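In what follows, a structure is listed as structure tokens, so that the remarks can point back to it.
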Amino acid sequence: GSARFKKLAAQGALVQRLLWASTGTKNPEYSDVKYVEALIGPETVNTVPVETLNAYRDHGVPKASLEKDVAEAARVLKRLPELGISIDKVTQQLEDEGVTKFNQPFDKLMETLAQRSPRI
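Following this note's numbering, the residues of the sequence shown are numbered contiguously, the last one being 722.
Structure follows, in structure tokens:
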């Protein structure tokens with residue numbers, strides 16, 4: 603880490619962790635632990651549905667894999683424009699969809715709270 607962070611760590615600061623959210627497998631043709639296993643790495647946290655957690659407990663392989671094949675991933679990303687794929691557009695679409703999926707339950711919660719307690 604940086605000199606600044608080392609100073610902060612000496613005062614008790616912790617490294618910020620990357621959160622992988624809702625990484626259950628939606629496609630039934632994929633392994634039910636595909637994303638959990640692929641996203642294991644240092645300083646990360648993963649939230650998963652109960653079914654995925656149980657599957658991982660049953661047959662998941664606990665090994666750091668997040669940084670595996672980084673060079674191959676870089677090659678794939680570099681080729682995307684050749685295939686007519688804009689990584690910026692794809693990531694923006696995924697971000698928008700993710701925000702919507704998290705905002706809808708939050709909005710519903712706030713609506714329910716407002717209905718049950720006019721003082722909130």
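By construction, the Cβ of each residue, glycine as well, lies at the ideal position given by its N, Cα and C atoms.
Here the structure is a predicted model, which means the values were calculated and not measured.
Just reading off the beta strand (DSSP E) that residue 647 is part of, what are its end residues?
646-648
Between the C-alpha atoms of residue 679 and residue 688, what's the straight-line distance to the nearest angstrom?
10 Å
In angstroms with no decimal places, state the Cα-to-Cα distance between residue 683 and residue 606.
38 Å
Keeping to the same chain, check which residues put their C-beta closer than 7 Å to that of residue 663; ignore five residues upstream and five downstream.
639
Please list, in chain order, all residues of the same chain as residue 641 whose beta carbon is under 7 Å from its beta carbon, the five residues on each side excluded.
Same-chain partners within the cutoff: 622, 625, 648, 668.
Would residue 635 be called buried (16 or more neighbouring beta carbons within 10 Å of its own) or exposed?
buried
Whole angstroms are fine: how far does the CA of residue 632 sit from the CA of residue 654?
12 Å
Since residue 621 sits in a beta bridge, which residues does DSSP pair it with?
647
Going by the beta-carbon positions, is the gap between residue 630 and residue 666 smaller than 8 Å?
no
So, is residue 617 buried or exposed, given that buried needs 16 or more other C-beta atoms within 10 angstroms?
exposed
Need the endpoints of the alpha helix (DSSP H) that residue 691 sits in, please.
From DSSP, the alpha helix (DSSP H) with residue 691 extends over 689-718.
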